[in-house]
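Accompanying notes for the structure given below.
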Amino acid sequence: MEKEEEEEEEEIEKVDNAFDADEATKCLVWIREITGEDIPVESVMGDKQKVSEFFYETLKDGFLLCRLANCIVPEEMQINMKSLTFKKSSNEAFESARERARLEIFCEKMMEFGVPETLTFQIDSLYERTNLVQAYCAIRNFGMEAESRPSFTGERFWPKKAEENRRTFTEEQLRASAGVINLQMGTNKGASQSGMTFGKQRMITEK
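Heads up: the sequence shown begins at 1 in full-length UniProt numbering, then just goes up one per residue.
Printed below as a string of structure tokens:
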């Protein structure tokens with residue numbers, strides 16, 4: 001039992017160490033710009049632990065994330081935030097269930113909008129704070145999907161989605177390439193990384 005507890009603590013520590021305060025902050029800034037909600041993220045900037053706590057407390061009840069979704073998805077996909085799920089309950093058990101339900105609705109809307117299920121997050125990752133990295137990565141993926149739409153005309157906030165580079169070769173070209181040895185085969189040259197830039201508020205309403 002003691003060994004299991006130690007392993008669990010080690011796992012939690014690994015997740016905490018992987019938390020990127022800058023990336024989480026960027027997500028909160030983007031949410032603020034899109035929704036217009038007051039999110040005083042500047043009050044915790046510079047302190048990783050405070051950013052982690054602020055990120056968790058700001059998003060765990062699902063309200064803000066669902067507002068974010070409604071600012072981005074088309075009208076026919078809008079979340080009904082007047083339903084019982086979005087009414088605060090004085091019963092702790094009921095409220096906990098509703099908070100989880102809101103997070104689930106947000107994840108469903110991300111997938112409906114085009115974000116693959118593997119790029120969303122598990123409810124406990126945010127609600128139980130077991131993997132906040134997964135949560136802010138999902139929000140980033142949502143933003144990237146939104147900015148990939150033809151209707152998007154604002155200033156880019158997130159890096160571009162990887163786009164398929166479809167090429168068509170003639171049969172003659174394919175035969176010629178069959179006898180060519182890739183010069184990079186067996187080497188690790190040619191690798192590179194690129195940075196990300198911040199952007200400005202915009203609204204996406206078309207699919």
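Beta carbons: idealized from backbone N, C-alpha and C, even for Gly.
Judged by DSSP secondary structure, L84 falls outside any alpha helix (DSSP H); it is assigned neither H nor E. Burial check for A135: the Cβ neighbour count within 10 Å reaches 16 or more, so the residue is buried. By the Cβ test, the stretch 85 to 97 is not in contact with the stretch 34 to 51, since fewer than three Cβ pairs between them sit closer than 8 Å. DSSP, read as helix, strand or coil, puts A93 in helix.
Ranked by Cα distance from E33, the first of Y127, L68, V15, P74 is L68. Pairwise C-beta distances place the stretch 137 to 149 in contact with the stretch 95 to 113, as three or more of them are shorter than 8 Å. Distance check between E147 and each of D20, K14, C71 places C71 closest, using alpha-carbon atoms only.
When the beta-carbon positions are compared, L126 and K60 come within less than 7 Å of each other. Shown here for T35: same chain residues with a beta carbon closer than 8 Å to its own, the five before and five after excluded, namely L64, R67, L68, C71 in chain order. Between L28 and V15, the C-beta spacing is not below 7 Å.
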